[in-house]
Amino acid sequence: MLKIGLAALTLITASQSFAQLQNDACVAIESAGTGQWWQGEAAIMGTEIRVELWHENEILACDAIADVMAEMRRIDAAMSPYIKSSLLSQLNSKGAKEFVPVGDELFGLINRSQGYSILTGGAFDVTYASAGRYYDYREGKKPDSDTLREAVEAINYRHLELDHRNHAIRFHHDHVYVDLGGIAKGHAVDQSIKILRGLGIEQAMVSAGGDSRIIGDRLGEPWVVGVKDPRRANAQVVVLPLMDASVSTSGDYERFFEQDGVRYHHIIDPKSGDSARSVSSVTIVGAETTATDALSTSVFVMGVDKGIELIDHLIGIDAIVVDGSGHVHMSEGLMPLAEPKMAGVL
Ligand code: AMP
Ligand code: MG
């Protein structure tokens with residue numbers, strides 16, 4: 217079993233308010249051997265982006281961090297449904313009428329999303345937003361029952377027709393709306409790691425909200441990633457020692473409001489257009505963040521039994537699920553690491 221290093225950091229539990237983020241600042245946080253650990257933070261894609269990397273040279277380190285932030289902004293500009301000029305917005309506005317060319321990258325990610333829809337029996341579905349777009353978690357708004365009933369009919373990944381030759385997509389239902397919030401951050405993290413590797417960087421961590429990827433170790437030890445307790449601030453249900461790995465967490469505490477004792481949060485069951493409520497958090501560990509991101513959202517919708525059964529069939533992927541009563545469930549690959557236990561339940 218891997219040893220947990222004292223000097224290692226906690227990724228998932230670390231969070232700052234956006235106001236505290238020093239956009240694009242690059243700071244030395246720790247000396248190590250002949251170099252230092254450098255850190256940059258920024259608010260992009262509606263979330264906190266953090267980069268930490270080891271380098272001997274300040275200018276090269278800070279340039280690398282700036283390159284990652286630029287990549288995150290590039291992906292946001294192409295894939296945000298909130299940016300009117302984005303390729304995704306063009307698809308959403310015209311896709312019901314005609315095939316819309318979306319370019320290699322967006323086409324590839326939507327194609328991959330379709331693969332996760334098939335793998336998860338429709339739990340992962342980027343057309344969830346046909347109903348999801350009517351919720352506003354900050355304002356505490358949800359669709360009325362007529363709007364919801366109509367919107368749910370537009371949720372179905374099969375409503376998307378993909379033209380592989382021209383990298384164009386069209387919708388087979390008038391009210392389809394696509395949102396890649398369940399996979400785009402993971403993609404952006406994978407892209408960022410590719411950039412850092414291309415610059416010769418061998419020890420780094422990139423995180424975008426709940427999606428993180430680590431290359432190499434930290435001060436000769438694995439990174440330690442804490443899985444947040446969904447119902448107790450600053451508490452963790454499990455800590456995972458990780459090297460060269462990706463980890464994503466989906467939780468019902470990230471974006472939500474409560475009405476009449478019911479929690480409305482941002483992970484939507486495509487069958488109902490309502491929030492999925494059988495579990496309160498899912499953490500997935502694997503090699504690539506695109507996969508861990510999509511699967512954390514998927515398993516959240518699938519629930520404990522179906523979700524863990526799926527993960528146990530996937531090589532190199534593990535899951536930690538906190539159910540609605542606070543019980544911690546783990547996939548087979550993690551069982552030797554820790555005994556499942558209870559999270560705090562309010
Ligand atoms: P995550 O925090 O990675 O689980 O992603 C949650 C985000 O995924 C939400 O904010 C939505 O943008 C998106 N999402 C919600 N429900 C689904 C779903 N059933 N399939 C795909 N994406 C979803
Ligand atoms: Mg996810």
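Numbering (our numbering), first residue to last: 217 to 562.
Beta carbons are placed, not taken as given, at the ideal position from N, Cα and C, and that holds for glycine.
Does the ligand AMP have a heavy atom nearer than 8 Å to the CB of residue i?
i: H482; result: yes
i: Y298; result: no
i: Y350; result: no
i: Y469; result: no
i: F340; result: yes
i: D427; result: yes
i: F472; result: no
i: V517; result: yes
i: A492; result: yes
i: A345; result: yes
i: I334; result: no
i: G337; result: no
What residue range does the beta strand (DSSP E) around residue i cover?
i: H271; result: 263-271
i: M546; result: 544-546
i: T499; result: 495-502
i: E474; result: 472-475
i: D379; result: 376-379
i: S466; result: 461-467
i: A420; result: 420-424
i: S428; result: 427-431
i: Y480; result: 478-481
Quick one: residues in its chain with C-beta nearer than 6 Å to the C-beta of residue i, no 5 flanking neighbours on either side, listed in chain order?
i: G356; result: F473
i: I245; result: W253, Q255
i: Q330; result: Y373
i: T505; result: G402, V405, D406, D427, R429, S462
Looking at residue i and the ligand MG, is the gap between the Cβ and the nearest heavy atom below 8 Å?
i: D395; result: no
i: T513; result: yes
i: S247; result: no
i: D485; result: no
i: S466; result: yes
i: A384; result: no
i: A510; result: yes
i: G402; result: yes
i: I291; result: no
i: G523; result: no
How long is the line joining the alpha carbons of residue i and residue j, rounded to whole angstroms?
i: E470; j: V455; result: 19 Å
i: D445; j: I326; result: 32 Å
i: V561; j: V405; result: At V561 the pLDDT is 47, less than 50, meaning the model places this residue with poor confidence; the figure from the coordinates comes in the next sentence. When rounded, the distance between both Cα atoms is 32 Å.
i: G549; j: R381; result: 39 Å
i: T343; j: I417; result: 37 Å
i: R588; j: I527; result: A query on residue 588 cannot be resolved here, the shown segment of the chain reaching from 217 to 562 and no further.
i: S302; j: M295; result: 6 Å
i: H403; j: P486; result: 22 Å
i: D379; j: L304; result: 16 Å
i: M518; j: E272; result: 45 Å
i: M217; j: L276; result: At M217 the pLDDT is 31, less than 50, meaning the model places this residue with poor confidence; the figure from the coordinates comes in the next sentence. Those two C-alpha atoms are separated by around 35 Å.
i: I536; j: M546; result: 5 Å
i: V368; j: S333; result: 16 Å
i: T336; j: S514; result: 7 Å
i: E287; j: D320; result: 16 Å
i: I431; j: R349; result: 35 Å
i: V538; j: S496; result: 6 Å
i: D283; j: A258; result: 12 Å
i: H375; j: D341; result: 11 Å
i: G442; j: R289; result: 27 Å
i: C242; j: I291; result: 21 Å
i: I483; j: A492; result: 6 Å
i: Q306; j: V316; result: 8 Å
i: S408; j: R354; result: 29 Å
i: V478; j: V453; result: 24 Å
Closest Cβ-Cβ distance between residue i and chain C: below 9 Å?
i: T336; result: The chain inventory of the structure shown lacks chain C, comprising one protein chain alone.
Looking only at its chain, what residues have a beta carbon closer than 7 Å to the beta carbon of residue i, apart from the 5 residues adjacent to it on each side?
i: S512; result: S464, T465, S466, V498, T499, I500
i: N308; result: P297, Y393, V394
i: G311; result: I385, R386, F387, V392
i: S346; result: A367, A370, I371, H391, V392, Y393
i: A293; result: I299, S302
i: G489; result: A347, L364, A367, V368, I371
Starting from residue i, follow the alpha helix (DSSP H) in both directions and report where the run begins and ends.
i: Q330; result: 319-335
i: T508; result: 505-518
i: D362; result: 361-369
i: R413; result: 400-414
i: S565; result: Because the chain here runs from 217 to 562, residue 565 falls outside it and cannot be looked at.
Could you tell me which residues DSSP puts in a beta bridge with residue i?
i: F387; result: L376
i: L458; result: W439
i: D534; result: V501
i: I275; result: For I275, which the question treats as bridged, DSSP gives no partner whatsoever.
i: A241; result: E257
i: S567; result: Because the chain here runs from 217 to 562, residue 567 falls outside it and cannot be looked at.
i: S541; result: DSSP lists no partner for S541.
i: I168; result: For residue 168 there is no data in the structure shown, the boundaries of the chain being 217 and 562.
Taking 8 Å as the cut-off, is the CB of residue i close to at least one heavy atom of the ligand ATP?
i: D534; result: You won't find the ligand ATP in this model; what it holds is the ligand AMP and the ligand MG.
Excluding the 5 residues preceding and the 5 following residue i in the sequence, name in chain order all residues of the same chain whose CB lies nearer than 8 Å to its CB.
i: T508; result: G402, D427, S462, V463, S464, I500, V501, G502, I533
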